[in-house]
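Chains as they are written, first to last, in my numbering: chain A, 491 to 804; chain B, 47 to 213.
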């Protein structure tokens, strides 16, 4: 099904593309609910304000007819299937609308035995990108208002989905903002990098939005909420903030699907995806592991080889 | 037999996280063989290097360690078959993360010391202590501990303007 999609390059994305995808999603969701293939579909409904969308669980064909897809559909819906949001999967097979980056999260959760493939019906979207957080949403999606993660997206197509909607249109000539920032950081000295992160982390208010939005932060009890013994200071002070962000990045290393939701929801605009990207790059270099749209049996830190690099060990 | 204790201006605190089966026994061997090594090192015993969470290292630095040593069995010698293999991957990743955050990796040492290598234990500990002594105290995490949020100036013109505009 993916072979039919061909790449078309454009300067801005035509609204007709979103209408076509919306129609296809509605049709598919209504059919699934009608035939009782699934008990519910997780998708996007229009938000109250123009240019917004909110995640929703629809259970009837009539409701399914209100589902939409637009560049405001930024959420990674896979978070609604995890243990942290209890009970959705207990009711039966669930349909879910997924972009390429969401597919990676779903695959990661399958690899960690959190969800089963047969419990899902994935409605994949050939996604051109979504709006960046805090950017202008009145214009059609173009170079100026596309999210940072979408500029370097390598998973436009929903490989491994049950059904794929939309014909891929890609924006042409996007500047890789994140990669540039990453290169700038890596060129810095150790002390400069420390100053950079210290400055960013000291603004953190510990709202834990990055944890709540993350599909992989599904622990029933977070290590960072524990008091006895306390691993990470809970109050928003620089010491605890630094520890929290290091622990968060470490716990996501080798698992993160790169949906950058943590960075999007951060009210203090801390560039969290830089940490995720850095860890992903490191694990690619060291163990040749990459997050994929298809489930993998084991992550890089839950397996080993006898001949792993140990040049740093005396 | 007793060495003359040399006075230094700075005595670093080194925390050693060691596995009970190899390195702890190795350190024990060094002791029973009456080998001398710096008393700057505080040894913490764990069942296995696989049990040593990166959070422990972080916590050690936050609470005033100037250097951290993590040591366990050589690959293939793990009492629990694969604990040190997993630890090796985890610490490789953790090291990379700390490096990216901007921590000086010279203060964090990993080593394999078996139960028979009392001499190697002495060598590793002495080398790390001298290296950290030369580098001076670890300031970064300690400074964070003493800082409060919003430590920046509160009376800036921007804030005043924002406050006034609330009306």
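For every residue, glycine included, the Cβ atom is placed at its ideal position computed from N, Cα and C.
- Within the same chain, Cβ atoms closer than 8 Å to the Cβ of residue 597 of chain A are found at 650, 747, 781, 782, 783, 784, 785, 786, the five residues on either side in sequence being excluded.
- For residue 125 of chain B, the nearest beta carbon of chain A is not closer than 8 Å to its own beta carbon.
- Secondary structure note for residue 534 of chain A: its beta strand (DSSP E) is the uninterrupted segment 530-536.
- Apart from the 5 residues on each side of it in sequence, residue 744 of chain A sits with its Cβ closer than 7 Å to the Cβ of 773, 779, 789, 790, 791 in its chain, given in chain order.
- Taking C-beta separations shorter than 8 Å and ignoring five residues to either side along the sequence, residue 139 of chain B has no partners in its chain.
- Residues of chain B with a Cβ closer than 9 Å to the Cβ of residue 791 of chain A are, in chain order, 132, 135, 136, 139.
- With 16 or more other CB atoms across the displayed protein chains lying within 10 angstroms of its CB, residue 722 of chain A is buried.
- Counting along the chain, no alpha helix (DSSP H) covers residue 658 of chain A, and no H or E run does either.
- Per DSSP, reduced to three states, the secondary structure at residue 83 of chain B is coil, with no helix or strand assignment.
- Listed in chain order, the beta strand (DSSP E) runs fully inside the segment 100-159 of chain B are 113-118, 154-158, counting runs of at least 3 residues.
- Distance from the Cα of residue 560 of chain A is smallest, within the candidate group A:509, A:681, A:639, for A:509.
- Residues 67 of the same chain have their beta carbon placed closer than 6 Å to that of residue 125 of chain B, with the five preceding and five following residues left out of the count.
- Straight-line measurement puts the Cα of residue 69 of chain B at about 51 Å from the Cα of residue 583 of chain A.
- Counting only runs of at least 3 residues, the segment 624-660 of chain A fully encloses the following beta strand (DSSP E) elements, listed from N- to C-terminal order: 653-655.
- If only complete runs of 3 or more residues are kept, the segment 536-598 of chain A shows the beta strand (DSSP E) at 543-548, 584-588, in order along the chain.
- A distance below 8 Å separates the beta carbons of residue 545 of chain A and residue 570 of chain A.
- Per DSSP, residue 65 of chain B is one residue of the beta strand (DSSP E) stretching across 60-65.
- Contact of residue 155 of chain B with chain A by beta-carbon distance below 8 Å involves 804.
- Secondary structure at residue 92 of chain B: strand, using DSSP grouped into helix, strand and coil.
- In the DSSP annotation of this structure, the continuous segment of the beta strand (DSSP E) that includes residue 610 of chain A starts and ends at 610-615.
- Each residue's CA atom was taken as its position, placing residue 693 of chain A and residue 725 of chain A some 13 Å apart.
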